[in-house]
Structures are given as structure tokens and as C-alpha cells.
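J.:
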Amino acid sequence: MTSLAYSSTEPFRYPQRPVTLDIDTWLYEYEEHPDCGVCVALDKECREAIEQNRLRAAYEASSEIRNGHPEHTSKAGA
Ligand SMILES: [Zn+2]
């Protein structure tokens, strides 16, 4: 007869924590301009890259928002 490791009477010892990204988030911070088509595209790219754990791509996308185009465009693909 096997006994289970966890008794049903034992309080749950490890409450679930929210999922956090185990990365240095400051590397991926940026201030995107909602009206800037480039920013919107890069923002999307950065979020997808983080979700897929492609941190290099995420960093490059966020870096481009920060540094790549100081004068934000107001039209996508202009
Ligand atoms: Zn921009």
C-alpha cells in the first residue's frame, strides 16, 4: 500500500504566485509612442519575443524604440 506524500488535511504550503519574467526588465523598458507606427510594431515584436523567451530579440526591439528613431513618426510606413 502506497501512501501519498500530501495529506488532504495539510494546508497548502506553497500558494501560487503570479508568473513573473525572470529577466532584467529594465533592459526591455521603453517609452513607446502610441501614434508612432514604428513603435507599435516594435512594441508588438518585443512582447512576442519575451513571451517566446527570445530575449535577444526583445532587447533589440526595445533598444530600437529607445534609440533607433528619436523622431517618432506619426504615420506607419510613411
Ligand atoms: Zn516611435
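Numbering (this note's numbering), first residue to last: 1392 to 1469.
All residues carry an ideal CB built from backbone N, CA and C; glycine is no exception.
#1: Just the residues with CB closer than 6 Å to a heavy atom of ligand 1, in chain order, which are they?
#2: Leaving out the 5 sequence neighbours to the left and right, which residues in its chain are closer than 6 Å to residue 1421 when beta-carbon positions are compared?
#3: Pop quiz: residue 1437 and residue 1464 are said to be a contact at Cβ under 8 Å. What is the actual Cβ separation, rounded to whole angstroms?
#4: Where does the unbroken alpha helix (DSSP H) through residue 1441 begin, and where does it stop?
#5: Can you give me the Cβ contacts of residue 1418 inside the same chain, cut-off strictly under 6 Å, excluding the 5 residues immediately before and after it?
T.: By the coordinates alone:
#1: Residues whose Cβ lies closer than 6 Å to any heavy atom of ligand 1, listed in chain order: 1424, 1427, 1429, 1430, 1460 and 1463.
#2: Walking along the sequence shown from the start, residue 1421 turns up at place 30. 1453, 1456 and 1457, listed in sequence order.
#3: Taking the first residue of the sequence shown as 1, we reach residue 1437 at position 46. Taking the first residue of the sequence shown as 1, we reach residue 1464 at position 73. Wrong, their Cβ atoms sit about 18 Å apart, outside the cutoff.
#4: Locating residue 1441 in the sequence shown gives position 50, counting from the first residue. Per DSSP, residue 1441 belongs to the alpha helix (DSSP H) from 1428-1442.
#5: In the sequence shown, residue 1418 corresponds to position 27, counting from 1. Once the five neighbours on either side are set aside, the close Cβ partners of residue 1418 are 1450.
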